[in-house]
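One structure is given below, encoded as structure tokens.
Number of protein chains: 2
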Amino acid sequence: MRSILARSWIASVTLGLLCALVASVHAQPVPDPLPSWNDGSSKQAIVKFVTATTTTGNPAFVAPGSRFATFDQDGTLWVEQPMYTQLIFALDRVRVLAPEHPAWKTIEPFKSVLAGDRAAMAKFTMKDLKEILLATHTGMTTGQFTAIVKAWLATASNPRWHRPYTDMVYQPMLEVMRYLRANGYRTYIVTGGGQAFVRTYAEQTYGVPPEQVIGSALEAQFTYNEAGEAVMMRPPKLLINNDFSGKAEDIYLFIGGPPQAAFGNAAGDRQMLEYTQSSGNRALMMLVMHDDTAREYAYGPADGLPASKIGTFPQSLYDEAKAKGWNVISMKHDWKRIFSFAQ
Amino acid sequence: MRSILARSWIASVTLGLLCALVASVHAQPVPDPLPSWNDGSSKQAIVKFVTATTTTGNPAFVAPGSRFATFDQDGTLWVEQPMYTQLIFALDRVRVLAPEHPAWKTIEPFKSVLAGDRAAMAKFTMKDLKEILLATHTGMTTGQFTAIVKAWLATASNPRWHRPYTDMVYQPMLEVMRYLRANGYRTYIVTGGGQAFVRTYAEQTYGVPPEQVIGSALEAQFTYNEAGEAVMMRPPKLLINNDFSGKAEDIYLFIGGPPQAAFGNAAGDRQMLEYTQSSGNRALMMLVMHDDTAREYAYGPADGLPASKIGTFPQSLYDEAKAKGWNVISMKHDWKRIFSFAQ
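Structure below.
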């Protein structure tokens, strides 16, 4: 047995030497993890953050199991103009469900939706939108809702680019997510949108599994079907409104503390970024500014840009970013390409 | 270059042969992953479940990223008699905080706690307990609360075994958690206890990180300290009551669907197990039955055992388990040892 063990030891050493040889022969320059980003302060900030927090001995080092990065979705990971995708889904559902609700033809806000009255729809209040969302998103099992969303996503398309909505994701942000994950970060989506809605496609679209999607959520209701089996229903009752302070509070609820990096683009992301900054000196806070009419849209705090009701980026948020060392990403200047299918 | 590549190819082949040699020399019998379990139907059910759901091609196979197992804590992972650990913490806190609240000496339920009136405390209603929990668990930042819990756990000890409460964990269940994790399962704690309380020690005690602890939770409140920095407060308002149907609903909220395996011990775990069973034919549902007065406690549905107000295991749950193919674990017969420090 001793001689076998000795041979095994020699084999192990030889193994190590050969591994080193093979590695040196195959050595390649490390590919740029962010090829869709132009060189500049935004790209540098991301690389600097990842390097600092993953280098043993660096004061900013974070243990692998504790690495978290959170991403707003609408306007940060995918297009939110001219309207949130989930709202377009809801309006489509009103039309599909209308035959079951004859009264909708005569009562608002459904009447305007069915008439296609854009002027009236543009004036919808939050109460109107909530009514539409509850009418189209509740009263079924969680499994039924998922199937409805998937079927819609498979056929619906964005009116400007004529592509599925899940194609309307920003390639540079996908690269940031992959780069972070390759360095031990878990990437969470923290969206004002519906948690169940986003969970239907987040894994395929962003590589984010369901348990890493935090969003606005109904109070799910456990009950039984006719066969006595457990089912989960979607009653018309909001449990979590995941926006503004809610984003920070729900990150605490789900994760137990602040992430080290956060990405947003609008007023509703302010508290998430402030909470992230409380995690330490080397935290990374970034805001996407939409300033590229030609390749996407322009709306935001930069001079001369029109204000937007959707994805509002107020001047006060811009000022706070500058004062606190947050990084404002210019789509026009920082992004080499915006979508995977176009420059 | 060609000759270097050829050499590299030869090196790779040699590498493969040597790896095979080293592996065969080091081959060992696989150690029993559940050494604290006696052979029997409970142990067999666990091994059979893990084998089936992790074997490619098996109809019960579950993709690694989708493997989830959920565990109740009190009475399933650690001792819950004579009183829930968190309640003992709360009573201790009443005594610590009493000097700041002179009125407590004269008003219930605090008066009985401060007087050490066990008879009166045994009659506390849910309203009394809620009042004590809110008075001792709220009004501070999340960071302050964590520090208070950690300090208490470092000094408090269980009255029967005279050991820290975090030693009062069931060794066989730790083995199940490790065995599941070694097979790609994420192990979640799903407890009626406070999420923030359990998160302070779950990683060290069970290997369960904070984001995998689902528990009853306050509505955290994002605000600012005097320096204008983000802080998270604990106001006296319950957001999630994680018990009974709430356990299933919160699993859906946090994970997005049912787990494949669930472990409980009391009436409050019924819906979690029912929801787990809805995940498929090969799901594993197990209930720990406390039937071992000598080594721990006996309370439950087995003949002649006294009923317990804490951790009630009603006959109806026992009957449901038998009817639905759930596995009832007998501490007395299935567990070779209960604690790591004793047989």
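Chains as they are written, first to last, in numbering that gives the first Met the number 0: chain B, 0 to 342; chain R, 0 to 342. All C-beta atoms in this analysis are idealised placements derived from N, C-alpha and C, irrespective of residue type, glycine included. Values in this document were obtained by computation on a predicted structure and should not be read as measured data.
- prompt: Do we get a CB-CB distance below 8 angstroms when we pair B:Q143 with the residues of chain R?
  reply: The residue given as residue 143 of chain B occupies position 144 in the first sequence. Answer no: the Cβ-Cβ gap between B:Q143 and chain R never drops below 8 angstroms.
#### Entry: Cβ-based burial, R:N224 [other Cβ within 10 Å; buried from 16]
Your numbering for residue 224 of chain R matches position 225 in the second sequence. That one is exposed.
Problem set entry | C-alpha gap between R:P163 and B:F340, whole angstroms | As a position in the second sequence, residue 163 of chain R is number 164, starting the count at 1. As a position in the first sequence, residue 340 of chain B is number 341, starting the count at 1. Computed Cα separation, rounded: 59 angstroms.
Between the alpha carbons of R:Q72 and R:V212, how many angstroms are there, rounded?
As a first step, residue 72 of chain R is located in the second sequence; it is residue number 73 there, counting from the start. As a first step, residue 212 of chain R is located in the second sequence; it is residue number 213 there, counting from the start. The C-alpha of R:V212 is placed about 10 angstroms away from the C-alpha of R:Q72.
Worksheet item: Can you give, in chain order, each stretch of the alpha helix (DSSP H) that sits fully within the segment 118-171 of chain R and has at least 4 residues?
Response: Taking only runs of at least 4 residues, the alpha helix (DSSP H) segments lying wholly in the segment 118-171 of chain R are 125-136, 141-154.
Item checked: Extent of the continuous alpha helix (DSSP H) run through R:R269 -> By one-based count along the second sequence, residue 269 of chain R stands at place 270. 269-276 is the span of the alpha helix (DSSP H), which, as asked, contains R:R269.
**Asked** What is the residue span of the alpha helix (DSSP H) that R:M330 lies within?
**Response** Looking up residue 330 of chain R in the second sequence gives position 331. Per DSSP, the continuous alpha helix (DSSP H) segment holding R:M330 begins and ends at 330-333.
ask   = If you measure beta-carbon to beta-carbon, which residues of the segment 231-242 of chain R are closer than 9 angstroms to chain B?
value = Cβ contacts with chain B come from M231, L238, I239.
- prompt: What's the C-alpha gap between B:Q170 and B:P101?
  reply: Stepping through the first sequence from its first residue, residue 170 of chain B is reached at position 171. Stepping through the first sequence from its first residue, residue 101 of chain B is reached at position 102. Spanning the two alpha carbons is a distance of roughly 43 angstroms.
### Query
With a cut-off of 8 angstroms, does the C-beta of B:L252 fall near any C-beta of chain R?
Start at 1 with the first residue of the first sequence, and residue 252 of chain B comes out as number 253. Nearest CB-CB separation between B:L252 and chain R: below the 8 angstroms threshold.
Beta-carbon spacing of B:F67, B:P258 below 8 angstroms
Here residue 67 of chain B corresponds to residue number 68 of the first sequence, with the count starting at 1. Here residue 258 of chain B corresponds to residue number 259 of the first sequence, with the count starting at 1. Yes, the Cβ-Cβ distance between B:F67 and B:P258 is below 8 angstroms.
Run the CB neighbour count on B:K308, radius 10 Å, all protein chains shown included, and call it buried at 16 or more, exposed below.
-> Position 309 of the first sequence holds residue 308 of chain B. By the neighbour-count rule (16 or more Cβ atoms within 10 Å), B:K308 is not buried but exposed.
query = Per DSSP, R:W36 is paired with what?
reply = Mapped onto the second sequence, residue 36 of chain R falls at position 37. Partner(s): R:W334.
In whole angstroms, what separates the C-alpha of R:D290 from that of R:I188?
Counted from its first residue, the second sequence places residue 290 of chain R at position 291. Counted from its first residue, the second sequence places residue 188 of chain R at position 189. One Cα belongs to R:D290, the other to R:I188, and the distance between them is close to 23 angstroms.
Q. Taking the continuous alpha helix (DSSP H) assigned at R:T204, which residues delimit it?
A. The residue labelled residue 204 of chain R in the question sits at position 205 within the second sequence. From DSSP, the alpha helix (DSSP H) with R:T204 extends over 201-205.
**Q.** DSSP state of R:I87 mapped onto helix, strand, coil
**A.** The sequence position of residue 87 of chain R within the second sequence is 88, counting from 1. Per DSSP, reduced to three states, the secondary structure at R:I87 is helical.
Tell me the residue span of the beta strand (DSSP E) that contains B:V189. In the first sequence, counting from the first residue as 1, residue 189 of chain B sits at position 190. Its beta strand (DSSP E) spans residues 185-193.
So, do the segment 215-231 of chain R and the segment 227-241 of chain B have three or more beta carbon pairs nearer to each other than 8 angstroms? Using a C-beta cut-off of 8 angstroms, the segment 215-231 of chain R makes no contact with the segment 227-241 of chain B, since fewer than three inter-stretch Cβ pairs fall below that distance.
Q. Just how far apart, CA to CA, sit B:F144 and B:Y200?
A. Locating residue 144 of chain B in the first sequence gives position 145, counting from the first residue. Locating residue 200 of chain B in the first sequence gives position 201, counting from the first residue. So the two alpha carbons sit approximately 13 angstroms from each other.
Neighbouring residues, chain B, relative to R:P209 (Cβ below 8 angstroms) = Translated into positions along the second sequence, residue 209 of chain R becomes position 210. Against R:P209, the close residues of chain B are I254, G255, G256, in the order they occur along the chain (beta-carbon pairs closer than 8 angstroms).
So with Cβ pairs under 8 angstroms, would you call B:A247 a contact of chain R?
Within the first sequence, numbered from 1, the residue matching residue 247 of chain B stands at position 248. It does: the Cβ of B:A247 has a partner Cβ on chain R nearer than 8 angstroms.
- [ ] Can you give me the start and stop residues for the alpha helix (DSSP H) that R:A361 sits inside?
- [x] Chain R is shown only over 0 to 342; residue 361 of chain R falls outside these bounds and no answer can be derived.
request  = Tell me whether the beta-carbon of B:S329 lies closer than 8 angstroms to the beta-carbon of R:A229.
outcome  = In the first sequence, the residue the question calls residue 329 of chain B occupies position 330. In the second sequence, the residue the question calls residue 229 of chain R occupies position 230. No. Outside cutoff.
Query - Check whether R:P32 and R:Y251 have beta carbons under 8 angstroms apart - result: Here residue 32 of chain R refers to the residue found at position 33 when the second sequence is read from its first residue. Here residue 251 of chain R refers to the residue found at position 252 when the second sequence is read from its first residue. Cβ atoms of R:P32 and R:Y251: not closer than 8 angstroms.
Do B:P108 and B:I131 have their C-beta atoms within less than 8 angstroms of each other? The count along the first sequence starts at 1 and reaches residue 108 of chain B at position 109. The count along the first sequence starts at 1 and reaches residue 131 of chain B at position 132. Cβ atoms of B:P108 and B:I131: closer than 8 angstroms.
Practice problem: Please report how far the alpha carbon of B:F338 lies from the alpha carbon of B:W77, in whole angstroms. | Solution: In the first sequence, counting from the first residue as 1, residue 338 of chain B sits at position 339. In the first sequence, counting from the first residue as 1, residue 77 of chain B sits at position 78. Computed Cα separation, rounded: 9 angstroms.
- Query: Residues bridged to B:Y223 by DSSP?
  - Reply: By 1-based counting over the first sequence, the position of residue 223 of chain B is 224. The beta-bridge partner set that DSSP reports for B:Y223 consists of B:A229.
Nearest-angstrom Cα distance between B:L237 and R:V95?
-> Within the first sequence, residue 237 of chain B is the residue found at index 238, counting from 1. Within the second sequence, residue 95 of chain R is the residue found at index 96, counting from 1. Going by the C-alpha atoms only, they are around 38 angstroms apart.
> Under a three-way DSSP split, which group does B:W103 fall into?
Replying inline: Against the first sequence, residue 103 of chain B aligns to sequence position 104. Three-state result, B:W103: helix.
* **Proximity test, Cβ basis, 8 angstroms: B:S329 and chain R** => As a first step, residue 329 of chain B must be located in the first sequence, where it is residue number 330. It does not; no Cβ of chain R falls within 8 angstroms.
Inset, instruction - State buried or exposed for R:K126, treating a residue as buried only when at least 16 other CB atoms are found within 10 Å of its CB. - result: Taking the second sequence and counting its residues from 1, the one referred to as residue 126 of chain R is at position 127. Around the Cβ of R:K126, a 10 Å sphere holds fewer than 16 other Cβ atoms; the residue is exposed.
- request: Please check the pair B:N326 and B:S41, which I expect to be a contact at CB under 8 angstroms, by giving their CB distance rounded to whole angstroms.
  value: Numbered from its first residue, the first sequence carries residue 326 of chain B at position 327. Numbered from its first residue, the first sequence carries residue 41 of chain B at position 42. About 6 angstroms separates the two Cβ atoms, so the contact holds.
Helix, strand or coil at R:S339 [DSSP, three-state]: Your numbering for residue 339 of chain R matches position 340 in the second sequence. Coil, per DSSP.
Would you say R:E228 reaches chain B, if we count a Cβ-Cβ gap shorter than 8 angstroms as a contact? Indexing the second sequence from 1 puts residue 228 of chain R at position 229. Contact of R:E228 with chain B is assigned, a C-beta pair being separated by under 8 angstroms.
Q. Any idea if R:Q194 is buried or exposed, counting beta-carbon neighbours within 10 angstroms, 16 or more meaning buried?
A. As a first step, residue 194 of chain R must be located in the second sequence, where it is residue number 195. R:Q194 is buried by the Cβ-count criterion.
- Task: Would you mind reading off the limits of the alpha helix (DSSP H) that contains B:D318?
- Result: Here residue 318 of chain B is taken as the residue at index 319 of the first sequence, counted from 1. In the DSSP assignment, B:D318 falls within the alpha helix (DSSP H) that extends over 314-323.
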